[in-house]
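Novice: What follows is a single structure, and I will ask about it in a moment.
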Amino acid sequence: MKWKVLKTEQDYNKASIRMMEIFNAEPNTPESDELELLIVLVKDYDDKHYHLPELDALEVIKYKMQEMGIKAKDLEPIIGSKGHVSAILSGKREITLKMAQKLKDYFSIPAEVFLHSA
C-alpha cells in the first residue's frame, strides 16, 4: 500500500495494524522502510489528535516516595536541606533543573516530568 498523511481514524487504524504486522522487519528491507514511514505517520496523527494529560511533578514525587517506602528526609541528599525538601513537597518552592536531574536518576523516570513545574 502506498502510504500518505493519515487524516481519518480509519487511516490511522489501518496504519497501526500494518505497523504491528511488520514491527520486527529486518533492517534495510522494503518492510523496514515502510515501518519507519508508518512510525512517523502514526506519531504525527497521535500528536495532532491525542493529548496526554500533563503529570503533576509533586504528585509523581509523592507517589514514588510511597511506592519506594521512603520519607522526606531520604530526599535531603537530592534536594537539599530539610527545609528545602519541605518547601518542594508543599509546592512553595519550584524544582530546579539540578534537582530535576537528580530526581530523574533517583526515581528512574523522565526529567520532563519534573521540568513542567520548574
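Residues in the sequence shown are numbered from 2 upward in steps of one, following my numbering.
All C-beta atoms in this analysis are idealised placements derived from N, C-alpha and C, irrespective of residue type, glycine included.
Bear in mind that the values here come from a model prediction, so they are computed numbers and not experimental data.
Pairs of beta-carbons, one from the segment 37-47 and one from the segment 65-85, closer than 8 Å: are there three or more?
Specialist: Contact fails: fewer than three Cβ-Cβ distances are below 8 Å.
Novice: Nearest-angstrom Cα distance between residue 11 and residue 115?
Specialist: If you take the alpha carbons of residue 11 and residue 115, they lie about 36 Å apart.
Novice: Roughly how many angstroms lie between the CA atoms of residue 104 and residue 7, to the nearest whole one?
Specialist: Cα to Cα, the separation comes out at about 38 Å.
Novice: Can you tell me whether residue 91 is helix, strand or coil according to DSSP?
Specialist: In the structure shown, residue 91 sits in coil (DSSP, three-state: anything other than H, G, I, E or B).
Novice: Have a look at residue 2 and residue 31 and give me their C-alpha separation to the nearest angstrom.
Specialist: So the two alpha carbons sit approximately 12 Å from each other.
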